[in-house]
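What follows is a short report on a single structure.
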Amino acid sequence: MTEESPTFASFGVKPEIVKALGEAGIERTFAIQALTLPLAMAGDDLIGQARTGMGKTLGFGVPLLHRVEVPGDGTPQVLVVVPTRELCIQVANDLKGAGKHLGIRTLAIYGGRPYEPQIEALRKGVDVVIGTPGRLLDLAEQQHLVLGKIRGLVLDEADEMLDLGFLPDIERILRMVPDERQTMLFSATMPGPIITLARTFLNQPTHIRAEENDAGAIHERTSQFVYRAHSMDKTELIARALQAEGRGLTMIFSRTKRTAQKVADDLVERGFAAAAVHGDLGQGAREQALRAFRSGKVDVLVATDVAARGIDIDDVTHVINYQCPEDEKTYVHRIGRTGRAGRTGVAVTLVDWDEEARWKLISDTLSLDLAEPVETYSSSPHLFSDLGIPEGTKGRLPLSKRTRAGLSAEKEEDLGGKRRGRRGSSGPASPSASEDEAPRKRNRAPRKRTRGGARSAAAIEAADAAAPASSGSSGPDQQEDRPRTPRRRTRSGADATGPATSTGNATPATTSDSGETGDRPARRRRRRRPSASDTPASAD
DNA sequence: AAAAAAG
Numbered sequence: 240m241t242e243e244s245p246t247f248a249s250f251g252v253k254p255e256i257v258k259a260l261g262e263a264g265i266e267r268t269f270a271i272q273a274l275t276l277p278l279a280m281a282g283d284d285l286i287g288q289a290r291t292g293m294g295k296t297l298g299f300g301v302p303l304l305h306r307v308e309v310p311g312d313g314t315p316q317v318l319v320v321v322p323t324r325e326l327c328i329q330v331a332n333d334l335k336g337a338g339k340h341l342g343i344r345t346l347a348i349y350g351g352r353p354y355e356p357q358i359e360a361l362r363k364g365v366d367v368v369i370g371t372p373g374r375l376l377d378l379a380e381q382q383h384l385v386l387g388k389i390r391g392l393v394l395d396e397a398d399e400m401l402d403l404g405f406l407p408d409i410e411r412i413l414r415m416v417p418d419e420r421q422t423m424l425f426s427a428t429m430p431g432p433i434i435t436l437a438r439t440f441l442n443q444p445t446h447i448r449a450e451e452n453d454a455g456a457i458h459e460r461t462s463q464f465v466y467r468a469h470s471m472d473k474t475e476l477i478a479r480a481l482q483a484e485g486r487g488l489t490m491i492f493s494r495t496k497r498t499a500q501k502v503a504d505d506l507v508e509r510g511f512a513a514a515a516v517h518g519d520l521g522q523g524a525r526e527q528a529l530r531a532f533r534s535g536k537v538d539v540l541v542a543t544d545v546a547a548r549g550i551d552i553d554d555v556t557h558v559i560n561y562q563c564p565e566d567e568k569t570y571v572h573r574i575g576r577t578g579r580a581g582r583t584g585v586a587v588t589l590v591d592w593d594e595e596a597r598w599k600l601i602s603d604t605l606s607l608d609l610a611e612p613v614e615t616y617s618s619s620p621h622l623f624s625d626l627g628i629p630e631g632t633k634g635r636l637p638l639s640k641r642t643r644a645g646l647s648a649e650k651e652e653d654l655g656g657k658r659r660g661r662r663g664s665s666g667p668a669s670p671s672a673s674e675d676e677a678p679r680k681r682n683r684a685p686r687k688r689t690r691g692g693a694r695s696a697a698a699i700e701a702a703d704a705a706a707p708a709s710s711g712s713s714g715p716d717q718q719e720d721r722p723r724t725p726r727r728r729t730r731s732g733a734d735a736t737g738p739a740t741s742t743g744n745a746t747p748a749t750t751s752d753s754g755e756t757g758d759r760p761a762r763r764r765r766r767r768r769p770s771a772s773d774t775p776a777s778a779d
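Take 240 as the starting number for the first sequence in the numbering used here and just add one per residue.
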């Protein structure tokens, strides 16, 4: 366990990509990456599942970039479809960074923004496209986006993309790309029914699961708590919690857009540097809020589930569920915004009377037993320290009692004025979004990650389905949001994956099973076939 | 029922 995970270079990744990753402080692979690279680079279809914040983006991004023909003819060669605009921007930036030394042109295609820039970029030529369903279909129908040469397709947050709301659009997109293509699905959560559905359009896919963890994929690194906020003033409760020592960036999730805005406004009024992000805001405001949060200008982000998946921001130390999430998948993704890449995090779910049933369902499904918190990381900040809970009791008392008792008590006396400030943030900040990125852009600092998780176990299963391979072309890049690419991670061997990674255990992920995987000879045939330009995707 | 996603 102390050994370090294999490097990207050891998988035969192109030097230009290795160099770009290195510049971002990334050298070694995470478990999902080590497990995915061999198969993905060979052109196999696959379903990749790993816990949140464990590198899934590069897990499919590197193989995808690897098979882009450079220079291409300007026709998109690979496509990544994501559920939200902000995630689209983020993934595009990550891939843009990883492919910069190859001269790969990357473009983010999403709604809420003018058509022209995107159309113009396509006109000039694009190799890699990352997009949200609506705008992708829109531009494709207008003939501005040509999907006829897509040789690699990825559905990020796959279970969400194949859910009722998105399925129709995804099916249409699938009908527009060549049958002969490589298709990969990634997500931290992958319900059985979704996998079954996926097999209908995947070609003998291998199911790769780093750190097996059926129910969800929750990091042991994140301390989870449930707080029975029955009939309590949740905003007041949170206002206090936000004053916790050592708190870094904090994300607060609500179930509705209205509530998200309201909570953000209330917190701003109380003097917190908070911003809101939800679908009722203009795209500019959404991106501005996220940038402000990323840069630290605002350290409290109140969001709807638009920000529950994929958003990768360093330094998010706390996630507070102002309202109980809809289901267990949403719960897993929401709290997955913290405790990323080897860091620790704290997740607190406030449960009101009318949410008890839903919470029980989530709790049971994920086998959570938060009434008796698993463990407390002395090194991680604790919201509860400001809720009147004795330090040493955090992990033992029945949450419902201790918290309520202590809280209500103080609540009445202290409640009066609104205090402000909390640790770092300064006074009142702009409400929704303020400017943004002035402060630190942490992107740079290449931190290096040490371990990855090659070693973790992986459950590989094969499945099958029908499907293709593909071919493609190339294009420019895009901009927006956060600069940073991958993130750093520190920590040495064993814990890289986290103490919990234990799950990994023995399975030799990488090769062993994956290789030929007992099942079928998946990889062989599928590779792309004859396209005029075909290049060896897997060549190297 | 809610959110997101084209406008």
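For each residue, glycine too, the CB sits at the ideal point set by N, CA and C.
What are the start and end residues of the alpha helix (DSSP H) that includes residue i?
{"i": "D333", "result": "324 to 338"}
{"i": "D544", "result": "Note, D544: premise wrong, no alpha helix (DSSP H); not H, not E."}
{"i": "P516", "result": "Note that residue 516 is Val in the sequence shown, not Pro. No alpha helix (DSSP H) contains V516, which is instead part of the beta strand (DSSP E) from 513 to 516."}
{"i": "R597", "result": "595 to 604"}
{"i": "M400", "result": "397 to 400"}
{"i": "D408", "result": "406 to 415"}
{"i": "F532", "result": "522 to 534"}
{"i": "V537", "result": "Segment: none, V537 is in no alpha helix (DSSP H) and carries neither H nor E."}
{"i": "V571", "result": "567 to 574"}
{"i": "A431", "result": "Going by the sequence as given, residue 431 is Gly instead of Ala. From DSSP, the alpha helix (DSSP H) with G431 extends over 431 to 437."}
Could you give the first and the last residue of the continuous beta strand (DSSP E) run that contains residue i?
{"i": "R448", "result": "445 to 449"}
{"i": "H557", "result": "555 to 560"}
{"i": "M423", "result": "421 to 426"}
{"i": "G370", "result": "367 to 370"}
{"i": "G584", "result": "584 to 590"}
Quick one: measure Cβ to Cβ for residue i and residue j, integer angstroms, because I've assumed they're closer than 8 Å.
{"i": "V317", "j": "G391", "result": "4 Å"}
{"i": "L563", "j": "W592", "result": "For clarity, residue 563 is Cys in the given sequence; the question names Leu instead. The Cβ separation is near 11 Å, so there is no contact."}
{"i": "V416", "j": "L386", "result": "5 Å"}
{"i": "T439", "j": "T583", "result": "Actually they do not touch by this definition, with Cβ atoms about 40 Å apart."}
{"i": "L506", "j": "V516", "result": "The Cβ separation is near 13 Å, so there is no contact."}
{"i": "A273", "j": "Q463", "result": "Contact doesn't hold; Cβ gap of about 28 Å is too wide."}
{"i": "V465", "j": "T588", "result": "5 Å"}
{"i": "I271", "j": "A449", "result": "4 Å"}
On the criterion of 16 or more Cβ atoms from any shown chain inside 10 Å, does residue i qualify as buried, or is it exposed?
{"i": "A546", "result": "buried"}
{"i": "D551", "result": "buried"}
{"i": "D553", "result": "buried"}
{"i": "S534", "result": "buried"}
{"i": "E410", "result": "exposed"}
{"i": "T275", "result": "buried"}
{"i": "P444", "result": "buried"}
{"i": "L403", "result": "exposed"}
{"i": "R486", "result": "buried"}
{"i": "K363", "result": "exposed"}
{"i": "R374", "result": "buried"}
{"i": "D284", "result": "buried"}
{"i": "A379", "result": "buried"}
{"i": "A596", "result": "exposed"}
{"i": "T543", "result": "buried"}
{"i": "T495", "result": "exposed"}
{"i": "V252", "result": "buried"}
{"i": "T435", "result": "exposed"}
{"i": "D395", "result": "buried"}
{"i": "Q500", "result": "buried"}
{"i": "A254", "result": "The amino acid occupying residue 254 in the given sequence is Pro; Ala does not appear at that position. It counts as exposed."}
Please determine whether the Cβ atom of residue i lies at a distance below 7 Å from any heavy atom of the ligand ZN.
{"i": "R414", "result": "What this structure holds is no ligand at all, so the ligand ZN is not there to describe."}
>> Can you confirm whether the segment 336 to 352 touches the segment 302 to 311 when touching is taken to mean that 3 or more C-beta pairs between the two stretches lie within less than 8 Å?
In response: Because the criterion of three Cβ pairs below 8 Å is met, the segment 302 to 311 and the segment 336 to 352 touch.
key: Contact between the segment 409 to 422 and the segment 339 to 351 (3+ Cβ pairs under 8 Å)   = Flag = no, the segment 409 to 422 and the segment 339 to 351 do not touch.
Along the chain, which unbroken stretches of the alpha helix (DSSP H) at least 4 residues long are found entirely within the segment 455 to 510? The segment 455 to 510 contains these whole alpha helix (DSSP H) runs: 473 to 480, 496 to 508.
- Message: With three or more beta-carbon pairs closer than 8 Å as the criterion, would you say the segment 286 to 297 touches the segment 568 to 586?
- Response: Counting Cβ pairs under 8 Å, three or more are found: they touch.
Inter-stretch contact at 8 Å, needing at least 3 Cβ pairs: the segment 318 to 326 / the segment 360 to 379 | Yes: the two stretches touch, three or more of their Cβ pairs being nearer than 8 Å.
If we require 3 or more residues per run, which beta strand (DSSP E) segments fall completely within the segment 250 to 318? Taken in chain order, the unbroken stretches of beta strand (DSSP E) that lie wholly in the segment 250 to 318 and span 3 residues or more are 285 to 288.
query = Do three or more CB pairs link the segment 576 to 583 to the segment 599 to 607 at distances below 8 Å?
reply = Segments in contact, no.
**Item:** Those runs of the beta strand (DSSP E) which lie wholly inside the segment 338 to 392 and span at least 3 residues
**Value:** If only complete runs of 3 or more residues are kept, the segment 338 to 392 shows the beta strand (DSSP E) at 345 to 348, 367 to 370, in order along the chain.
Tell me, please, whether the segment 537 to 545 touches the segment 463 to 470 by the rule of three or more beta-carbon pairs shorter than 8 Å.
The segment 537 to 545, when compared against the segment 463 to 470, does not touch it at the 8 Å Cβ threshold.
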